[in-house]
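One structure is given below, encoded as structure tokens.
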Amino acid sequence: GAVVSQHPSRVICKSGTSVKIECRSLDFQATTMFWYRQFPKKSLMLMATSNEGSKATYEQGVEKDKFLINHASLTLSTLTVTSAHPEDSSFYICSARTSRDETQYFGPGTRLLVL
Amino acid sequence: AQSVTQPDIHITVSEGASLELRCNYSYGATPYLFWYVQSPGQGLQLLLKYFSGDTLVQGIKGFEAEFKRSQSSFNLRKPSVHWSDAAEYFCAVVPPSGYSTLTFGKGTMLLVSP
Chain W
1 GAVVSQHPSR VICKSGTSVK IECRSLDFQA TTMFWYRQFP KKSLMLMATS NEGSKATYEQ
61 GVEKDKFLIN HASLTLSTLT VTSAHPEDSS FYICSARTSR DETQYFGPGT RLLVL
Chain Y
1001 AQSVTQPDIH ITVSEGASLE LRCNYSYGAT PYLFWYVQSP GQGLQLLLKY FSGDTLVQGI
1061 KGFEAEFKRS QSSFNLRKPS VHWSDAAEYF CAVVPPSGYS TLTFGKGTML LVSP
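As given, the protein sequences belong to chains W and Y, one line each in that order. This note's numbering numbers the first residue of the first sequence as 1 and each following residue consecutively. This note's numbering numbers the first residue of the second sequence as 1001 and each following residue consecutively.
Below you can see the structure in the form of structure tokens.
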């Protein structure tokens, strides 16, 4: 149980285009989902927290207009990187938390490369 | 502010040897404690967690961790390491009062030598 999927697993796009990443909780309902960014050989950096049906809460320094988050249902959250630039290239990981306890379950990550 | 310290950036262990990865936290109350493992290019997998009760927690893949309140520690152990255990290990905490975000340590890279 507690499986989280992400799609796509890797994506290459041209500078200036937008990319959408999906995060799904497959066998549980996630009242809260989180989006992280991870740089090489670094720990995870929390970008934003999203609760189903409400606006996401962004961490300081994260541009909300650039990283659009939608948490439309209890099993799906999406992260859209708008007008992507090479500096947005990174590994993006989502996690989902149930209403039962504080445990976060992580997706397999999405490798984004912006050319 | 709460913090998590993993003092070892890298650890090399021979296959078959025992392993202990250290984790110390700084927080007023006892937080909820987690260990995650990340293989290269992958997401994080939950190894084990501690909320309350028995201070020795068993996890998946033969891992265990012991919560020591007096030392503010939650060290991860495995009696016999396998080559497939080579990965990055993250300790994380969250305060027990209400939902909040995880605070991660910087991670410990485990290398397993033949």
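Yeah, the Cβ is synthetic: ideal placement off N, Cα and C, and Gly gets one too. All of these numbers come straight from a predicted model, not from anything done at the bench.
Strand pairing of Val1013/Y, partner residues [DSSP]: In DSSP, Val1013/Y forms a bridge with Val1112/Y.
Contacts of Tyr58/W in chain Y (Cβ-Cβ under 8 Å): Result: empty, since nearest Cβ-Cβ is about 12 Å, beyond 8 Å.
Proximal chain Y residues relative to Gln104/W, where beta-carbon distance stays under 7 Å: The answer, in chain order, is Leu1102.
Exposure label - Ile69/W; buried when at least 16 CB within 10 Å: Its Cβ being crowded by 16 or more others within 10 Å, Ile69/W is buried.
Residue ranges of each beta strand (DSSP E) within the segment 1064-1107 of chain Y, 3 or longer: The segment 1064-1107 of chain Y contains these whole beta strand (DSSP E) runs: 1064-1068, 1073-1078, 1087-1094.
Uninterrupted beta strand (DSSP E) stretches inside the segment 1014-1057 of chain Y (no shorter than 3 residues): Complete beta strand (DSSP E) runs here, min 3: 1019-1021, 1024-1026, 1032-1038, 1044-1050.
Nearest candidate by alpha-carbon position, reference Thr1101/Y, set Pro1031/Y, Leu1076/Y, Glu1020/Y: The residue from Pro1031/Y, Leu1076/Y, Glu1020/Y with its alpha-carbon nearest to that of Thr1101/Y is Pro1031/Y.
Stretch pair the segment 25-32 of chain W + the segment 59-68 of chain W: three plus CB contacts closer than 8 Å: By the C-beta criterion, the segment 25-32 of chain W is judged not to be in contact with the segment 59-68 of chain W, since fewer than 3 inter-stretch pairs fall below 8 Å.
For Glu22/W, three-class secondary structure by DSSP: Strand.
Secondary structure, alpha helix (DSSP H): runs of 4+ residues fully inside the segment 39-97 of chain W: Whole alpha helix (DSSP H) segments, 4+ residues: zero.
Minimum Cβ-Cβ distance from Leu46/W to chain Y less than 8 Å: It does; some Cβ of chain Y falls within 8 Å.
Buried versus exposed call for Ile21/W [16 or more other C-beta atoms within 10 Å across all chains shown]: With 16 or more other Cβ atoms within 10 Å, it is buried.
Same chain only: Cβ atoms within 7 Å of Val1004/Y, ignoring 5 sequence neighbours per side: The answer, listed in chain order, is Cys1023, Tyr1025, Cys1091, Ala1092, Val1093, Thr1103, Phe1104, Gly1105.
Counterpart residues of Leu113/W in DSSP-defined beta bridges: As DSSP reads the structure, Leu113/W sits in a beta bridge with Ile12/W.
Other residues of its chain near Ser15/W: CB distance less than 8 Å, five sequence neighbours each side excluded: Counting only Cβ-Cβ distances below 8 Å, and skipping sequence neighbours, we find Ala84, His85, Pro86, Val114, Leu115.
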